[in-house]
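**Student:**
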C-alpha cells in the first residue's frame, strides 16, 4: 500500500476515534417540552445560544461559512449572514442530518443586493453533519467548512430541530 494512502487512512481512523469519543460526551437532553423562542449565533465565538423566555436553555459550538468574518453580501461568498431572521421551515430530508431553514435574505439583504446588481444568495440553514459523515462528531468544529450555513453535530441538530419551531427568531451577530 502506498505510504501516502496509509497515512491518510491512519489520519481518517484517528479522526473517527476522536469524533466518536467527543460525540459520546454530550450533555443530558433538554426536557421533552422545552421550546426555544430565540436562537442567538455569536459568529466570533462560534456559539449558538438557545433561549426560552429570556432563560438560556443550551449553548452549542458551531462551524460557519468558510469566510466567516463580515456579513453575507452575495451568493457564493461563503459567508454566514448577520442580522435578524426567523427559522421558517424544518427539512427532515436535507443532504445534511436535518436542517432548520433561516429566512435569509431579508428585505434589507435583497435591497442591498439589488442596488449592487448581484444575487444575495439563500438557502442558509442550521444543520448537522453531511449525511453519512455523522461519525465526525464534534471534530467538525475545528474548521469553518460550510458555504454560509451554521453547523452543529447530529445529536445537537436533533435537539434544535425539536425545540425550535417555525417562527423562532434567530439573531446572527458578528
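Numbering (my numbering), first residue to last: 155 to 328. Think of the CB as a built atom: it goes at the ideal place given N, C-alpha and C, for glycine as much as any other residue.
1) Taking the DSSP output, what are the residues bridged to residue 325?
2) Can you give the Cα-Cα distance for residue 199 and residue 228, rounded to whole angstroms?
3) Going by Cα to Cα distance, which pick from 192, 276, 210 is closest to residue 302?
4) DSSP on residue 200, reduced to helix/strand/coil?
5) Per DSSP, residue 253 forms a beta bridge with which residues?
6) By Cβ distance below 6 Å, which residues in the same chain neighbour residue 192 in space, the five residues on each side in sequence not counted?
7) What does the alpha-carbon distance come out to for the pair residue 288 and residue 308?
8) For residue 261, does the count of other Cβ atoms within 10 angstroms reach 16, so buried, or fall short, so exposed?
9) Is residue 307 helix, strand or coil by DSSP?
10) So residue 306 packs on residue 282, CB below 8 Å; how close in whole Å?
11) For the beta strand (DSSP E) containing residue 212, name the first residue and the last one.
12) Considering Cα atoms alone, identify which of 230, 213, 214 is closest to residue 221.
13) Residue 291 by DSSP, collapsed to three states: which one?
**Tutor:** In brief:
1) In DSSP, residue 325 forms a bridge with 194, 238.
2) Each residue's alpha carbon lies about 23 Å from the other.
3) Selection 192, 276, 210 evaluated against residue 302 yields 276 as nearest (Cα-Cα).
4) Looking at residue 200 - three-state DSSP - the assignment turns out to be coil, as it is neither helix nor strand.
5) Beta-bridge pairing by DSSP links residue 253 to 245, 281.
6) Residues 205, 323 of the same chain have their beta carbon placed closer than 6 Å to that of residue 192, with the five preceding and five following residues left out of the count.
7) Straight-line Cα distance between these residues: approximately 6 Å.
8) So residue 261 ends up on the exposed side.
9) Coil at residue 307, not helix or strand.
10) Rounded, the Cβ-Cβ distance is 6 Å, consistent with contact.
11) That run of the beta strand (DSSP E) goes 209-215.
12) The alpha carbon of residue 221 has as its nearest neighbour, out of 230, 213, 214, the alpha carbon of 230.
13) In this structure, residue 291 counts as helix in the three-state DSSP scheme.
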